[in-house]
Amino acid sequence: MPDWDSPPWDNVVLVTPRHGVRNQWNTAAVRRHCRKSGQRMYICQAEDTEGRDDGALGLEEHIIVAGMTTKQTGKLGERVELAIGMRAMVLTNIATEADLANGTRGKIVDISLDPREPTDLTIDPETGATMLRYPPAVVLFKPDNCSFPPFEGLDSGVLPIVPSKMGFSIQTGDHTKHLIHRRQLAITPAYAFTDYKSQGQTLEYVLIDLEKPPTHKLTPFSAYVALSRSRGRDRIRLLRGFETSLFTTHPSEDLRREDARLDVLTAETKRSRSLQSA
Numbered sequence: 130m131p132d133w134d135s136p137p138w139d140n141v142v143l144v145t146p147r148h149g150v151r152n153q154w155n156t157a158a159v160r161r162h163c164r165k166s167g168q169r170m171y172i173c174q175a176e177d178t179e180g181r182d183d184g185a186l187g188l189e190e191h192i193i194v195a196g197m198t199t200k201q202t203g204k205l206g207e208r209v210e211l212a213i214g215m216r217a218m219v220l221t222n223i224a225t226e227a228d229l230a231n232g233t234r235g236k237i238v239d240i241s242l243d244p245r246e247p248t249d250l251t252i253d254p255e256t257g258a259t260m261l262r263y264p265p266a267v268v269l270f271k272p273d274n275c276s277f278p279p280f281e282g283l284d285s286g287v288l289p290i291v292p293s294k295m296g297f298s299i300q301t302g303d304h305t306k307h308l309i310h311r312r313q314l315a316i317t318p319a320y321a322f323t324d325y326k327s328q329g330q331t332l333e334y335v336l337i338d339l340e341k342p343p344t345h346k347l348t349p350f351s352a353y354v355a356l357s358r359s360r361g362r363d364r365i366r367l368l369r370g371f372e373t374s375l376f377t378t379h380p381s382e383d384l385r386r387e388d389a390r391l392d393v394l395t396a397e398t399k400r401s402r403s404l405q406s407a
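The sequence shown finishes on residue 407 if you use my numbering, and the numbering steps up by one all the way, no holes.
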């Protein structure tokens, strides 16, 4: 059994099919990072405005927007958890030429608050997190792999990230459509990923959750995606609770039949060639 409190397993990444588990794991991991490092945890509120003049949202608009998913709001969440030194991932193609693309992983180096923030910042009594009214003015981010030339005044490999802005529409009870602009950092803690988001990534140490999600059934294909994120069996662990049929049932009956048909054709071809040679 690995020692989860010591390197390298203390920074293990969770891959899960359950969005709720991913969110809870990321939140717990950020808080753990802050306890160990002594860094302050920030909860950054999105800045939502309405219409071309960027007016304030009314109560009904606020309620509607609060019930929307991040997919509906252009991948910009209502709240983002941040801390200096935490692991983070970029959610959109901010600047692909500068290695700031969707899925880029790295570390938060520094955080500069919006100048509109009050001096008496609110502290959440339950979590101890600092509640921000606006997204930070800029976050300094160091990708794991960066080939972009250094910015003047910044260390090599450190890139500035400013809040992104997305627009989306809502409809109020009087059937009026409203254009909402959201301004928020397009980053998220990177201590846990969904199996879909982890595709194409190779993770150093991985903890795999194969528990059935509440809305759909896992397939052997999705299990393969999760398991193949690791560099090898010495760097991967599975959580208990998965269905053994994921590993004992063929992923596709059609593919199984096709494989059997091809095996028969291969045997017949070899037999035919051997008869011709004789």
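For each residue, glycine too, the CB sits at the ideal point set by N, CA and C.
All values derive from a computational prediction rather than experimental measurement.
Below 8 Å on the Cβ atoms is my contact criterion, and I expect residue i with residue j to pass it. Report the Cβ-Cβ distance as a whole number of Å.
i, j, result
"Ser351", "Asp392", "Rounded, the Cβ-Cβ distance is 27 Å, inconsistent with contact."
"Cys275", "Asp228", "5 Å"
"Leu332", "Arg358", "5 Å"
"Ile299", "Ile192", "Actually they do not touch by this definition, with Cβ atoms about 10 Å apart."
"Glu179", "Leu308", "7 Å"
Can you find the residues in the same chain that come closer than 8 Å, C-beta to C-beta, to residue i, ignoring five residues on each side of it along the sequence?
i, result
"Met170", "Val159, Arg160, Cys163, Glu210, Leu211, Ala212, Thr256, Gly257, Ala258, Thr259"
"Gln174", "Glu207, Arg208, Met260, Leu261, Arg262, Tyr263, Pro264"
"Pro289", "Val267, Val268, Leu269, Phe270, Phe280, Leu283"
Could you have a look at residue i and say whether DSSP puts it in helix, strand or coil?
i, result
"Ala355", "helix"
"Pro349", "helix"
"Lys399", "helix"
"Phe376", "helix"
"Glu340", "coil"
"His162", "helix"
"Leu391", "helix"
"Ala224", "strand"
"Arg169", "coil"
What are the boundary residues of the beta strand (DSSP E) that includes residue i?
i, result
"Lys271", "267-272"
"Ala217", "216-219"
"Val141", "That residue, Val141, is in no beta strand (DSSP E); it is neither H nor E in DSSP."
"Arg208", "208-211"
"Ala321", "321-323"
"Leu367", "365-367"
"Arg311", "306-313"
"Pro318", "316-318"
Can you determine whether any heavy atom of the ligand SAM sits closer than 7 Å to the C-beta of residue i, and answer yes or no?
i, result
"Ala217", "Of ligands this structure carries none, so the ligand SAM is not represented either."
By Cβ distance below 6 Å, which residues in the same chain neighbour residue i in space, the five residues on each side in sequence not counted?
i, result
"Met295", "Gly203, Leu205, Arg311"
"Pro101", "Given a span of 130 to 407 for the chain in the structure shown, any question on residue 101 remains unanswerable."
"Leu375", "Pro349, Ala352"
"Leu367", "Ile337"
"Asn222", "Ala230, Asn231"
"Lys271", "Gly235, Lys236, Val238, Gly286, Val287"
Who are the Cβ neighbours of residue i in its own chain at under 7 Å, not counting the five residues just before and after it?
i, result
"Leu220", "Lys204, Asn231, Ala315, Ile316, Thr317"
"Pro292", "Pro264, Arg312, Gln313, Leu314"
"Asp243", "Tyr263, Pro264, Pro265, Ala266"
"Ala157", "none"
"Glu189", "Thr301, Gly302"
Would residue i pass as an interface residue toward chain C - the criterion being a Cβ-Cβ separation below 8 Å?
i, result
"Ser285", "This model lacks chain C altogether, as it is built from one protein chain only."
Exercise for review: Please specify which runs of the beta strand (DSSP E), each continuous and at least 3 residues long, are wholly inside the region 176-202, giving them in chain order.
Suggested key: Listed in chain order, they are 176-179.
Review point. Which residue spans inside the region 237-293 form an unbroken beta strand (DSSP E) run of at least 3?
Key: Within the region 237-293, the complete beta strand (DSSP E) runs of at least 3 residues are 259-261, 267-272, 288-290.
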